[in-house]
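Protein chains in written order, with the numbering used here: chain A, 441 to 711; chain B, 50 to 379; chain C, 100 to 328.
From the three backbone atoms N, C-alpha and C, an ideal C-beta is built for every residue, glycine too.
Below is one structure; the comments refer to it alone.
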Amino acid sequence: MNRKVMIPIASIIVFIGFLLLKFDFEAVDSSQALWDAFIVTAGGFLTLMIFSFLYRDNPFYKFAEHLYVGVSAAYWMCVGFWSNIVQQAIPHLSPWLSEALDQPFLGYKWDYWIPIAFGLLLLTRLLPDSLKIGWLSKWTLAFIVASTAGLLMTANLKANFISQISSTMSLPLLPDWTGFGDFVSNFDLSYGGQFIKMLSNWVIVVGVISGLVYFFFSKEHTGWFGRVSRLGIWVLMVTFGASFGYTVMGRVSLLVGRLTFLFRDWAGIIS
Amino acid sequence: MIQALFLSPVFSPLFSPLFSVVSHGLGPVFSWIFWILFVAGVGWVFWRTIKGREVERRVIFLMMGLTVAGAVLTGIVLPVQETVVVRNIFDTIENLEEGDKVLLSLDYDPSGAPELQPMAIAVSQHCLEKKLKICYMTLWGTGGAMIADVITAIRPDFPELVYGEDYCNVGYRAGNEAVLKVIATDFRKTFPTDVSGIVLDSLPMMTGVTACPDFSYIVAIGSGRPGIKEWVEYVVEPSGALMGSGAAAVSAPQLYPYYPQQMNGMMGGSKGASEYEKMLRRGYPKYGEFRAQATEIMGPQTVAHVFLMLLIIFANISFFLAKKRKGASA
Amino acid sequence: MKRTIPWIITIVTGFVLVIAEFVPPWGKMREDVLIYFQIISVFAFFLGGGSLLKINLQKVFSKRTDWEYALVTVVGFFVMLALGLFKLGNPEMATAGYAADLNANGSWFKNLFDAVKAPLSASMYSLLAFFIASASYRAFRAKNSDATVLLVSAFIILMGQTFVGVVATGWMPDWVSFFKVENLSLWLLAKANLAGQRAILIGIALGIVSMSLRVILGIERTHLSGGDE
Numbered sequence: 441m442n443r444k445v446m447i448p449i450a451s452i453i454v455f456i457g458f459l460l461l462k463f464d465f466e467a468v469d470s471s472q473a474l475w476d477a478f479i480v481t482a483g484g485f486l487t488l489m490i491f492s493f494l495y496r497d498n499p500f501y502k503f504a505e506h507l508y509v510g511v512s513a514a515y516w517m518c519v520g521f522w523s524n525i526v527q528q529a530i531p532h533l534s535p536w537l538s539e540a541l542d543q544p545f546l547g548y549k550w551d552y553w554i555p556i557a558f559g560l561l562l563l564t565r566l567l568p569d570s571l572k573i574g575w576l577s578k579w580t581l582a583f584i585v586a587s588t589a590g591l592l593m594t595a596n597l598k599a600n601f602i603s604q605i606s607s608t609m610s611l612p613l614l615p616d617w618t619g620f621g622d623f624v625s626n627f628d629l630s631y632g633g634q635f636i637k638m639l640s641n642w643v644i645v646v647g648v649i650s651g652l653v654y655f656f657f658s659k660e661h662t663g664w665f666g667r668v669s670r671l672g673i674w675v676l677m678v679t680f681g682a683s684f685g686y687t688v689m690g691r692v693s694l695l696v697g698r699l700t701f702l703f704r705d706w707a708g709i710i711s
Numbered sequence: 050m051i052q053a054l055f056l057s058p059v060f061s062p063l064f065s066p067l068f069s070v071v072s073h074g075l076g077p078v079f080s081w082i083f084w085i086l087f088v089a090g091v092g093w094v095f096w097r098t099i100k101g102r103e104v105e106r107r108v109i110f111l112m113m114g115l116t117v118a119g120a121v122l123t124g125i126v127l128p129v130q131e132t133v134v135v136r137n138i139f140d141t142i143e144n145l146e147e148g149d150k151v152l153l154s155l156d157y158d159p160s161g162a163p164e165l166q167p168m169a170i171a172v173s174q175h176c177l178e179k180k181l182k183i184c185y186m187t188l189w190g191t192g193g194a195m196i197a198d199v200i201t202a203i204r205p206d207f208p209e210l211v212y213g214e215d216y217c218n219v220g221y222r223a224g225n226e227a228v229l230k231v232i233a234t235d236f237r238k239t240f241p242t243d244v245s246g247i248v249l250d251s252l253p254m255m256t257g258v259t260a261c262p263d264f265s266y267i268v269a270i271g272s273g274r275p276g277i278k279e280w281v282e283y284v285v286e287p288s289g290a291l292m293g294s295g296a297a298a299v300s301a302p303q304l305y306p307y308y309p310q311q312m313n314g315m316m317g318g319s320k321g322a323s324e325y326e327k328m329l330r331r332g333y334p335k336y337g338e339f340r341a342q343a344t345e346i347m348g349p350q351t352v353a354h355v356f357l358m359l360l361i362i363f364a365n366i367s368f369f370l371a372k373k374r375k376g377a378s379a
Numbered sequence: 100m101k102r103t104i105p106w107i108i109t110i111v112t113g114f115v116l117v118i119a120e121f122v123p124p125w126g127k128m129r130e131d132v133l134i135y136f137q138i139i140s141v142f143a144f145f146l147g148g149g150s151l152l153k154i155n156l157q158k159v160f161s162k163r164t165d166w167e168y169a170l171v172t173v174v175g176f177f178v179m180l181a182l183g184l185f186k187l188g189n190p191e192m193a194t195a196g197y198a199a200d201l202n203a204n205g206s207w208f209k210n211l212f213d214a215v216k217a218p219l220s221a222s223m224y225s226l227l228a229f230f231i232a233s234a235s236y237r238a239f240r241a242k243n244s245d246a247t248v249l250l251v252s253a254f255i256i257l258m259g260q261t262f263v264g265v266v267a268t269g270w271m272p273d274w275v276s277f278f279k280v281e282n283l284s285l286w287l288l289a290k291a292n293l294a295g296q297r298a299i300l301i302g303i304a305l306g307i308v309s310m311s312l313r314v315i316l317g318i319e320r321t322h323l324s325g326g327d328e
């Protein structure tokens, strides 16, 4: 036998061996016990297959990657079908279908046929080119693009433009100000102190303005405009640094999560 | 003797966690071996780097893997500092009245679970301790499985809970922003039934809930799009609902512009989750006996951060040495 | 017909959604349009799954390079689809019938999710921890002032989010507590980072508004072009 056959067979044997090790032979519900053993065993093997990519691309990684794609696509289809078609649309379309799928019939809404029709038009893209009706999917695409544009426009204008400017401009540049004498006599660098509060508000106001100046490309970045733009770059660099720090934190957390699974649930080394 | 020195009153606050015996770790002997190997490995990288011989990519991978693996095996648990950003969420829930309704949206998949699932569990436990009613929902298809896992995790501690009276699960709807825009004004139009086809009107806890602002508090826990940003844009901004959030570390910095005006608090990554766990344990001591998942992550997390920072420092020392050498020879 | 109708659909839908923001009686109509959007979204999932299946089946039948892996995708797809569509092994089926929660604990669909999709998804993203370590070592240099600011900011955040920061600056007296790394890190995030993120957010918002306006007014038509004209 060549390697192409030997390796998969050996892998399957090891997998089954591990599955048997993990199987609780004394469990009352043997079916669920088998699933439990399968979940831990498959989880461990698939995790190692993905990690094998760190050495180099290899058949184990490719297997895991392709399995992921197939399972994910079907997962989303099933979830979407049951949540939006069966639970949301059918209870308003047909009492017979509602009963067949054990859903309550919530009264006719004939207009719910519109999205069903548009949805079916979208699926014409899957039909063979020879039928030449794939262009009908553009009707649905137009609806999707227009809805998204309509939603995004007003929401962004309110939450990300007007509110952000108002939040910035409403900051007091001299918070808790009771006079210069008080300010000097109470001066300290404590985190909640007046000076730090003041500094924070100045940093936000100046930072936002200089950041926006950097993004303004209709004027050449020279002279005072260039200097403000330069400050904007620094503010953005602080932002990217913070994002980097948090990205590291997030990815390491995932790695810790995976390794904890491997050591605790899969290998059983730690309790 | 060295161990005794580290555990002495002078050094104890700093070093004792590194060598303490943690119930889920492999014990102090392993900890010692790990730290010796860690220092040796880091030293080797330092030596090679300043000599101008860069360490190979796969060796860095291996060292990163061993560092995190070793730290996980030691079971190292380090103290967590609380921040006001997280405390605001805790205090808001703490100040709600018994019977108030909280909407908990779990918008993430298993890749975000190590950071976000502990938040969802801790917030759920807190709400149930306060006898608040929780409605779970999700904007992510994978969120349904996450909700099921959270309910499985908290259910044994609250055997008296009745579905529909104390908590409910309306599940998932596709449509991202469109879902939020509708539930901001009409909850039942998008969710006429719960996840098991039970009409929402027949669930006692949903009486009086017609739209998102009818919930006393919304906690959106998310790791991307659609997630917290969309909750702010389509629910909080137009309806004025009160919201706190739990964000995956990757997206947390991008959400600060919404704090505190549009969301009154945020848990960022496993650090935020561990802070919440700490507050919960202090407020409700019975949770001291349970596993604090996020707090367990923070130990290895710290070790990985130290390793990464050392790599960056070594590489920069090497860079400046090379620059100096180049300048001297020119 | 092929371009005019989609163009009309774009303009009408866009206008309904925008006008409804300013004319409250149109709110119900907006909700209806968005419910249609929700239902149509699922057909996009079907389209994605269908396209994936079509491409992979073609690969399998024509025995192109790596067709074996395409077969893995197809098998994974059909197994998950069968478990999900028929709710096989779902313990709630006995009482709730087909209304049973798809993700009910113990259902085969949820079990396969836990066994395959969950570990694969989590492992894929955790791989990035290794690449970040390697990239930091290779490319994160204080080459100029911009890079130095980025490096210092990242360092403070990395220290401040863990116990390292507390150990490093815990000795500082209260009157300089701003410089304690955990405080400095929070300040960087909630103030300096906020300023940069807000500038980016405002810029993006302006871009989205102008682009959306172009789409709604029918000026932007790239989504209507291409394919069989």
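- So what does DSSP say about N626 of chain A, is it helix, strand or coil? coil
- Three-state secondary structure (DSSP) of V104 of chain B: coil
- Item | Buried versus exposed call for L614 of chain A [16 or more other C-beta atoms within 10 Å across all chains shown] | In the assembly as shown, L614 of chain A is an exposed residue. Its beta-carbon has fewer than 16 other beta-carbons within 10 Å.
- Task: Can you check DSSP and say which residues form a bridge with V151 of chain B?
- Result: B:I183 and B:Y266
- Measuring alpha carbon to alpha carbon, tell me which of A:G672, A:S570, A:L486 and A:S451 ends up nearest D245 of chain C. A:G672
- Nearest-angstrom Cα distance between P531 of chain A and I453 of chain A? 48 Å
- Item | chain C contact for F368 of chain B (CB, 8 Å cutoff) | yes
- Task: Quick one: which residues of the stretch 273 to 286 of chain B get their C-beta closer than 7 Å to a C-beta of chain A? List them in chain order.
- Result: Residues passing the 7 Å Cβ filter: V281, E282, Y283 and E286.
- Message: Just to confirm before moving on: does the CB-CB distance between V141 of chain C and N596 of chain A stay below 8 Å?
- Response: no
- Beta-carbon spacing of L181 of chain B, L145 of chain B below 8 Å: yes
- Task: Check distances from the C-beta atoms of the stretch 114 to 142 of chain B to those of chain A and list, in chain order, the residues that come in under 7 Å.
- Result: Answer set for the stretch 114 to 142 of chain B: V117, A118, V121, L122 and G124.
- Looking only at DSSP bridge pairs, what is G295 of chain B linked to? B:I270 and B:M316
- Three or more beta-carbon pairs under 8 Å between the stretch 506 to 526 of chain A and the stretch 169 to 189 of chain C, yes or no? yes
- Query: Whole alpha helix (DSSP H) runs in the stretch 242 to 271 of chain C with 4 or more residues, listed along the chain?
  - Reply: 244 to 259 and 262 to 268
- For the stretch 126 to 175 of chain C, list the alpha helix (DSSP H) runs that are entirely contained and at least 4 residues long, ordered along the chain. 126 to 160
- Query: Among the residues of its own chain, which have a CB less than 6 Å from the CB of L250 of chain C, if the five just before and after it don't count?
  - Reply: Taken in chain order, the residues that qualify are A241.
- Residue-chain proximity (P555 of chain A, chain B), Cβ-Cβ < 8 Å: No, its Cβ sits nowhere closer than 8 Å to a Cβ of chain B.
- According to the Cβ coordinates, are I139 of chain C and P499 of chain A closer than 8 Å? Not closer than 8 Å, so no.
- Query: Is L507 of chain A close to chain B, meaning its C-beta is less than 8 Å from at least one C-beta of that chain?
  - Reply: no
- Item | Close-in-space but distant-in-sequence residues of the same chain around P306 of chain B (CB under 8 Å, 5 per side omitted) | none
- Message: Suppose the cutoff is 7 Å on Cβ atoms and the five residues either side in sequence are ignored; what does the same chain contact list for G317 of chain B look like?
- Response: Within the same chain, Cβ atoms closer than 7 Å to the Cβ of G317 of chain B are found at A296, A298 and A301, the five residues on either side in sequence being excluded.
- Write down every uninterrupted run of the alpha helix (DSSP H) in the stretch 477 to 550 of chain A whose length is 4 residues or greater and which is fully enclosed by it, in chain order. 499 to 520 and 535 to 540
- Item | Neighbour list for R691 of chain A in chain C, Cβ cutoff strictly below 8 Å | Y224, S225, L227, A228 and I231
- Message: Contact criterion: CB-CB distance below 8 Å. Does M179 of chain C meet it with respect to chain A?
- Response: yes
- With a Cβ-Cβ cutoff of 8 Å, do T700 of chain A and V121 of chain B count as a contact? yes
- Task: Check whether the stretch 191 to 198 of chain B touches the stretch 187 to 205 of chain C, taking contact to mean three or more Cβ pairs, one atom from each stretch, closer than 8 Å.
- Result: yes
- T201 of chain B touches chain C at which residues, Cβ-Cβ below 8 Å? N204
- Query: So, does the CB of H322 of chain C fall closer than 8 Å to a CB anywhere in chain A?
  - Reply: It does; some Cβ of chain A falls within 8 Å.
- What's the C-alpha gap between V135 of chain B and L571 of chain A? 58 Å
- Item | Cα-Cα separation between F230 of chain C and F110 of chain B, rounded to whole angstroms | 7 Å
- At a cut of 8 Å, does the stretch 282 to 299 of chain C reach the stretch 624 to 641 of chain A through at least three beta carbon pairs? Yes, they touch.
- Have a look at A504 of chain A and F455 of chain A and give me their C-alpha separation to the nearest angstrom. 14 Å
- Mind listing the chain B neighbours of N210 of chain C? Cutoff is C-beta to C-beta under 9 Å, in chain order. Near N210 of chain C there are no residues of chain B at all, since even the closest Cβ is about 10 Å away, more than 9 Å.
- Item | Pairwise C-alpha distance: L291 of chain B and I265 of chain C | Here residue 265 of chain C turns out to be Val, not Ile, going by the sequence shown. Each residue's alpha carbon lies about 33 Å from the other.
- Message: In whole angstroms, give me the CA-to-CA distance for D542 of chain A and V244 of chain B.
- Response: 12 Å
- For a contact meaning CB atoms closer than 7 Å, what does A343 of chain B contact in chain C? Simply none; closest approach about 12 Å.
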